[in-house]
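The structure appears below as structure tokens.
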Amino acid sequence: MKHYDYVIVGSGIAGLYSALLAREHGSVLIITKGSIDECNTKYAQGGIAAAIGRNDSPELHFKDTVAAGDGLCDEEAVRILVDEAAGSIAELVNLGVPFDTLDGEIALTREAAHSLPRILHAGGDATGEHIEVTLGKRVRSLKIPVLEDSLATEIMVENGIVYGVRVLDYHTGSSEEFGCRFLILATGGAGQLFKLTTNSDIATGDGIALAFNAGAEITDMEFYQFHPTALHLPGVTPFLISEAVRGEGGILRNVAGNRFMLDYTTDGDLAPRDVVARSILFEMEKTGSNNVFIDVTHLPLYTITTRFPHIYRFCLEHGLDITKELIPVAPAAHYMMGGIRTNTWGESSIAGLFACGETACTGVHGANRLASNSLLEAVVFGRRIVEKTSGKVRLNTPIVSHSAAVHHFLNQRPKLKAVPALNLATLQQLHWEKVGIIRGKEGLTQVAKVLATWQKSLPKPTDRPSYELSNLILTGRLVTEAALIREESRGAHFRTDFPQSFSQWQHHIVFTKSSL
Ligand code: FAD
Ligand code: SIN
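Numbering (the numbering used here), first residue to last: 1 to 516.
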């Protein structure tokens with residue numbers, strides 16, 4: 001068995017950035033299930049948040065983040081995020097990320113629920129692509145080994161300590177084990193749970209399933225963020241129309257051409273993401289339509305083509321000239337707030353196992369992520385993982401923090417006789433309809449039973465699709481059961497049968513394998 005100091009699973013921003021820092025302290029192997037640049041990171045549009053503007057401060061960034069998180073942010077983690085943001089941006093600039101500038105200074109835009117312009121971007125709306133390409137180039141030039149087309153399938157643990165990972169080369173079908181001192185999961189999200197998603201195909205909840213099966217704590221899974229505005233064109237998979245489009249003056253209109261957001265909230269078009277997504281859903285229902293519109297036709301042509309070149313081109317290629325026509329949009333699944341429960345050094349509840357990026361739950365997002373905080377989170381906490389593992393930090397931090405966490409049991413569900421045939425499309429449809437933006441007990445219970453039955457009858461996975469399906473079923477169970485347990489509405493979790501939030505629910509729901 002080959003042995004490394006660090007094995008890092010995933011090659012998005014969290015994996016690549018951690019690898020670049022970790023190489024200074026030991027040997028590193030990156031394992032990734034597609035090619036190096038297959039990830040959600042490269043699709044990020046709006047940008048990365050940091051309080052570097054003249055009138056801004058980490059304190060304001062803190063307040064906005066905590067307000068969006070709706071009572072469930074870990075304030076210590078948020079403080080770290082906002083205080084270490086400017087330093088992280090400087091490091092990205094040093095690595096060569098070409099942030100856009102205006103009059104010689106880094107340009108900043110606004111996104112929903114940020115109290116002032118705070119979002120750095122690159123290539124207009126191609127921030128993620130620039131970050132991914134820059135980090136990928138650096139990893140290659142430093143000759144950090146990257147094992148592509150390799151699927152992590154099992155975490156190896158002995159006496160409560162992680163010592164390696166099993167990996168499937170799905171082209172040959174052969175498995176190999178890699179030993180390590182530190183295993184960092186940077187496997188991204190789980191958008192593929194839902195029929196409509198902005199996420200790439202790789203987002204199948206693998207990290208959650210790997211960590212859960214190894215015995216780690218998983219938390220906040222009921223909080224899944226839906227982006228309000230994905231392009232809604234027949235036959236075209238949802239493509240993000242960045243929140244920054246509204247930040248630069250884009251206006252939401254219903255199918256009759258009327259503005260409607262002020263009918264739902266005084267925050268209007270730039271209300272928090274969960275509020276806008278639900279308002280759009282209500283407006284679509286009210287007007288009997290499958291979409292609303294974003295209108296940018298009043299903006300100068302130059303603003304549209306230089307700030308949003310990628311969106312402009314994509315729409316044009318699909319027959320829509322957004323400088324002249326309204327953009328049809330509808331909500332789509334976007335970001336998993338929950339994940340592998342970590343402390344502020346990225347440590348999970350298992351010794352030697354770390355999590356970074358979207359698969360981790362550091363506690364910074366609470367019940368609803370503030371836009372553009374996730375790229376930042378990956379960089380800030382990636383650095384902290386390396387600081388901790390390289391021995392720079394000798395603090396005795398408890399393995400997991402965010403207090404007020406309550407461990408719950410996953411409901412034992414009886415095996416049903418009649419369930420729909422198991423396939424990815426049915427799983428995605430069920431989640432979209434019953435575990436989506438608006439949920440209720442009846443629909444959630446139905447999905448919980450179907451998932452439990454599927455899970456019991458699932459043959460042992462052998463190839464990439466069967467591993468991914470199995471991971472999605474497990475991740476879906478964790479989302480659905482948590483959504484059932486939380487009998488209130490908070491942040492991105494909205495229950496029709498419990499539309500209010502309650503102070504007794506101001507705690508985190510945690511699952512481990514022993515909750516089964
Ligand atoms: P990813 O970038 O998704 O990378 C995950 C990696 O893990 C991939 O390389 C994948 O192949 C690998 N992997 C997964 N499972 C396995 C396995 N079993 N074995 C081996 N490898 C595995 N956030 C912002 O802050 N600002 C934005 O403007 C923004 N815009 C967004 C736009 C879109 C369209 C989307 C989808 C998301 C956006 N987000 C944005 C969210 C943000 O992009 C992601 O949260 C972030 O990029 C996640 O980075 P990551 O490194 O954790 O995961
Ligand atoms: C967007 O550009 O709207 C996405 C930003 C984010 O998800 O953080």
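For each residue, glycine too, the CB sits at the ideal point set by N, CA and C.
Please report how far the alpha carbon of residue i lies from the alpha carbon of residue j, in whole angstroms.
i      : j      : result
Ser523 : His408 : Lying outside 1 to 516, the shown extent of the chain, residue 523 is not represented and no answer is given.
Arg254 : Ile311 : At residue 254 the sequence reads Asn, which differs from the Arg that was named. Those two C-alpha atoms are separated by around 21 Å.
Thr306 : Val133 : 20 Å
Gly339 : Ala211 : 9 Å
Thr204 : Leu427 : 12 Å
Thr229 : His121 : 19 Å
Trp345 : Pro145 : 25 Å
Leu151 : Ala351 : 22 Å
Val479 : Phe223 : 8 Å
Phe511 : Ile106 : 42 Å
Gly215 : Val157 : 9 Å
Ile385 : Gln446 : 40 Å
Glu243 : Lys417 : 44 Å
Glu347 : Ala355 : 7 Å
Thr237 : Ser390 : 43 Å
Leu252 : Gly15  : 36 Å
Val406 : Ser349 : 14 Å
Ser141 : Tyr4   : 19 Å
Glu377 : Gly319 : 36 Å
Asp220 : Val275 : 19 Å
If we count the other Cβ atoms within 10 Å of its Cβ and call it buried at 16 or more, is residue i buried or exposed?
i      : result
Pro414 : exposed
Ala86  : exposed
Pro272 : buried
Arg490 : buried
Leu603 : One cannot answer for residue 603 here, as it falls past the ends of the chain, which runs 1 to 516.
Thr462 : exposed
Thr101 : exposed
Phe260 : buried
Lys195 : buried
Tyr467 : buried
Tyr302 : exposed
Glu442 : exposed
Ser503 : exposed
Leu281 : buried
Glu481 : buried
Which same chain residues end up closer than 7 Å to residue i when comparing Cβ atoms and leaving out the 5 residues on each side of it in sequence?
i      : result
Pro398 : Asn343
Phe498 : Glu487, Glu488, Ser489
Gly471 : Checking the sequence, you will find Asn at residue 471 rather than Gly. Closer than 7 Å at the Cβ level, and outside the excluded window around Asn471, lie Thr204, Gly205, Asp206, Ala209.
Ile161 : Ala351, Gly352
Ile202 : Lys33, Gly34, Glu38, Cys39, Gly188
Tyr17  : Leu135, Ala378, Val379, Gly382
Mapping the DSSP letters down to three states, classify residue i as helix, strand or coil.
i      : result
Tyr43  : helix
Ile385 : helix
Pro465 : helix
Tyr335 : strand
Ala49  : strand
Arg341 : strand
His310 : helix
Gly288 : coil
Glu487 : coil
Glu442 : helix
Cys361 : strand
His227 : strand
Ser150 : strand
Phe178 : strand
His408 : coil
Gly164 : strand
Ala355 : strand
His61  : helix
Leu252 : strand
Output needed for residue i: all residues of its chain with C-beta closer than 6 Å, excluding positions within five of it in sequence on either side, in chain order.
i      : result
Val450 : Val419
Ser57  : Ala51
Gln455 : Ile473
Cys169 : Here the sequence assigns Asp to residue 169, which means Cys is not the residue at that position. Same-chain partners within the cutoff: Ser150.
Short of 8 Å in beta carbon distance, which residues of its chain neighbour residue i, apart from the five on each side in sequence? Order them along the chain.
i      : result
Val78  : Phe62, Thr65, Val66, Gly69, Gly363, Val364
Tyr163 : Met156, Val157, Gly179, Cys180, Gly352
Gly124 : Asp100, Thr306, Arg307, Phe308, Pro309, His310
State yes or no: is the C-beta of residue i nearer than 7 Å to some heavy atom of the ligand MG?
i      : result
Tyr335 : Of the ligands one can find in the structure shown, namely the ligand FAD and the ligand SIN, none is the ligand MG.
Would you check if the stretch 288 to 300 and the stretch 315 to 333 touch, i.e. whether three or more CB-CB distances between them fall below 8 Å?
By the Cβ rule, the stretch 315 to 333 counts as touching the stretch 288 to 300, because three or more pairs are nearer than 8 Å.
Does the stretch 5 to 18 come within contact of the stretch 179 to 189, defined as at least 3 CB pairs closer than 8 Å?
yes
The stretch 97 to 116 in contact with the stretch 361 to 371 per 3-pair CB rule at 8 Å:
yes
Whether or not the stretch 232 to 247 and the stretch 28 to 40 are in contact is what I'm after, with contact meaning three or more pairs of Cβ atoms, one per stretch, closer than 8 Å; do they touch?
no
Would you call the stretch 34 to 45 in contact with the stretch 175 to 183, where contact means no fewer than 3 C-beta pairs closer than 8 Å?
By the C-beta criterion, the stretch 34 to 45 is judged not to be in contact with the stretch 175 to 183, since fewer than 3 inter-stretch pairs fall below 8 Å.
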